[in-house]
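In the working numbering, each number is its position in the sequence shown, counted from 1, plus 220. First the structure, in the form of structure tokens, and then the observations on it.
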Amino acid sequence: MKNVLVVVGARPNFIKISQFPRVFKKYRGELQCKIVHTGQHYDDKMSTVFFKQLGIHPDFYLDVKPGTPATQIAQIMLGLESLLSTRYRADLVLVVGDVNSTLAGALTANKMNIPVGHVESGLRSFDRDMPEEFNRVLADQVCDLLFVTEKSGEVNLLKEGKSRKQISFVGNTMIDTLVAFDKEIKRSDILDKLSLGGRPFVLMTMHRPSNVDTREGLRKLQDLIGFIS
């Protein structure tokens, strides 16, 4: 029996791994999968509600406190090191996406000489101002297995000198979640509740710090939305 630990910490991670438990059940007796929630996103609407709606349940919770990115990454690494040393001896650690928990999980496993895989590997924005870009680039540098979701990921990794043997195309796991919840989506009345039923609409998120942390940045974004609409 091989033990796998999946590290998640933020909303995108929860959606991307929602079908992992179902898939791992097919290999019961060969693989055991446990999920650790670092607590990077800890608010009910940023965390708990997703686990309830997706039907997944973390096996471990690190309860990381709010702080700077460096503080969070350090706390997650310490928590994971303790978990992997005493409570769950993993043969493989899986990290997902590009959040602080991704980098912390990859670094911890690497330092503990535990093989580590990165789901959604190789994606690049080539924007050095994005903290997510550093997280995914650095994570890929220490991961042993690189699971890409699209062709560009493979291209980028090969350009960066990664071995083709490390790279596996697995497709977009967020689409797996979308397909799994197709019936629930079709039954939902959220569009009617928002008075959007039967009307074309655009859903936009503006959560990036560069967009909303300054009055000037937010005003520019509002002007742009007004212009294109």
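Think of the CB as a built atom: it goes at the ideal place given N, C-alpha and C, for glycine as much as any other residue. Here the structure is a predicted model, which is why all the values come from computation and not from measurement.
Reference residue i, options the options, closest by Cα
i	options	result
asparagine 355	Val390, Gly317, Lys406	Gly317
alanine 326	Asp402, Glu353, Lys406, Val362	Val362
leucine 343	Asn333, Thr288, Val368	Val368
serine 302	Phe271, Ala329, Ile448	Ala329
proline 351	Pro429, Glu374, Gly391, Tyr281	Pro429
methionine 394	Gln295, Ile445, Asp402	Asp402
valine 422	Thr397, Ser449, Asp412, Arg439	Ser449
histidine 257	Leu282, Gln273, Leu274	Leu282
serine 388	Ser341, Gln442, Leu300, Thr288	Ser341
glycine 229	Arg348, Ser345, Ala324	Ala324
leucine 398	Gly249, Tyr247, Leu274	Leu274
Assumed close pair residue i, residue j - CB separation to whole angstroms, cut-off 8 Å
i	j	result
valine 319	asparagine 233	7 Å
aspartate 360	leucine 378	Wrong, their Cβ atoms sit about 12 Å apart, outside the cutoff.
lysine 252	methionine 221	The residue asked about is misnamed: residue 252 is glutamine in this sequence, not lysine. Glutamine 252 to methionine 221, Cβ: 6 Å. Contact.
methionine 426	valine 432	6 Å
glutamine 386	leucine 365	6 Å
leucine 304	methionine 332	6 Å
Check whether residue i and residue j have beta carbons under 8 Å apart
i	j	result
aspartate 311	valine 224	yes
valine 226	isoleucine 255	yes
lysine 236	valine 339	yes
serine 238	isoleucine 276	yes
valine 357	valine 336	no
asparagine 392	glutamate 374	no
arginine 181	phenylalanine 270	The displayed coordinates of the chain run from 221 to 449. Any statement about residue 181 would go beyond what the structure contains.
Counterpart residues of residue i in DSSP-defined beta bridges
i	result
histidine 257	Val228, Tyr281
phenylalanine 389	Val368
valine 315	Val227, His338
leucine 251	Lys222
Neighbour flag for residue i against chain C, beta carbons, 8 Å
i	result
lysine 285	This model lacks chain C altogether; it includes just one protein chain.
Quiz item: Between the region 380-393 and the region 319-334, are three or more C-beta pairs nearer than 8 Å?
Solution: When Cβ pairs closer than 8 Å are counted between the two stretches, the region 380-393 is seen not to touch the region 319-334, the count staying below three.
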